[in-house]
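These notes are about the structure you will find just below.
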Amino acid sequence: MSPPVTILGIDPALTCTGYGLLRADGNRYEAIDFGAISPPPQAPIAERLLRIHEALSDVIRDSRPDEVAVEDFIVGHVRAAVAVGEARAAALLAAAEAGLSTALYKPSEVKQFVTSYGRGGKDQVAMMVQALLNLSQPPEPADAADALAVALCHALKRAAISQQQSAISMPR
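Okay, so the sequence shown: first residue is -12 according to this note's numbering, each after it adds one.
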């Protein structure tokens, strides 16, 4: 059995970047911390990115995660994709500065792992995060619930890969 791992999930956006810290121990998952970073909307983009980067760097320094999982952006409205890409870059930079490995997950992949349906809505994702982490209520804000879902997706994918490797290495 592998040792417990602490995973920081990040749902990047310029307006509100969610983060969720999760401890995975075998098939048990525990939410350690979650929240959101909301820079002032009237601030210049460079200042918002700096605030996101600094806040995530603080979370990483204080919580010392083993791995970081970041939601990748989807292709859609070009302006929105660029903004999410910029926030994602701030998150990746904070992780890289701390020497942490990162994994990127598409929103549909996160939903598939957490809800067993790749097109689940935000409410469904939040309810499954609540159930899987045995929380008394869905995490708020929604960006924090999404970040915990990203961390859960990473933990569940790690567990699936570990099981596959164990099955392959078992003597016959």
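Here a beta-carbon is modelled for each residue, glycine too, at the ideal position from N, C-alpha and C. Just so it is clear, the structure is predicted and the values come from calculations on it, not from any experiment.
#1: Once the 5 residues before and after S50 are set aside, which same chain residues still bring their CB inside 6 Å of it?
#2: What residue from Q29, A142, T2 and K144 has the CA that sits closest to A129's CA?
#3: Given L143, which residues of its chain have a CB within under 8 Å of its CB, disregarding the five upstream and five downstream residues?
#4: For the alpha helix (DSSP H) containing L43, list its first residue and its last residue.
#5: Would you kindly report the start and end of the unbroken alpha helix (DSSP H) that includes E84?
#6: Is it buried or exposed for R35, if we count other Cβ within 10 angstroms and need 16 for buried?
#7: So T102 is in the alpha helix (DSSP H); what residue range does that whole segment cover?
#8: Compute the beta-carbon to beta-carbon distance between I47 and E73, rounded to the nearest angstrom, for a pair I have assumed lies under 8 Å.
#9: In three-state DSSP terms, what is L1?
#10: Taking the alpha helix (DSSP H) that D110 falls in, what are its first and last residues?
#11: Whole-angstrom Cβ separation of P(-1) and V57, contact assumed at under 8 Å?
#12: Assuming contact is defined by CB atoms lying nearer than 8 Å, are A82 and H40 in contact in what I supplied?
#13: Whole angstroms is fine: what's the gap from Y16's alpha carbon to E96's?
#14: Starting from F21, trace the beta strand (DSSP E) in both directions and tell me its first and last residue.
#15: If G(-4) sits next to A146, beta carbons under 8 Å apart, how far is it from one beta carbon to the other, in whole angstroms?
#16: Out of L120, Q111, G86 and L80, point me to the one whose CA is closest to D98's CA.
#17: Using CA coordinates, which residue listed in C140, D20 and T4 is at the minimum distance from V71?
On the basis of the coordinates in this document:
#1: L8
#2: For A129, the nearest C-alpha among the options comes from T2.
#3: F100 and V101
#4: Element bounds for L43: I32 to S50.
#5: Following the DSSP letters along the chain, one finds E84 inside the alpha helix (DSSP H) bounded by residues V65 to E84.
#6: buried
#7: P94 to T102
#8: Wrong, their Cβ atoms sit about 19 Å apart, outside the cutoff.
#9: coil
#10: K109 to L119
#11: 6 Å
#12: no
#13: 19 Å
#14: Run containing F21: R15 to I24, per the beta strand (DSSP E) assignment.
#15: A146 and G(-4) do not touch by the CB rule: their CB atoms are close to 15 Å apart, not below 8 Å.
#16: According to the sequence shown, residue 98 is Lys rather than Asp. Selected option, being the one with the closest Cα: Q111.
#17: T4
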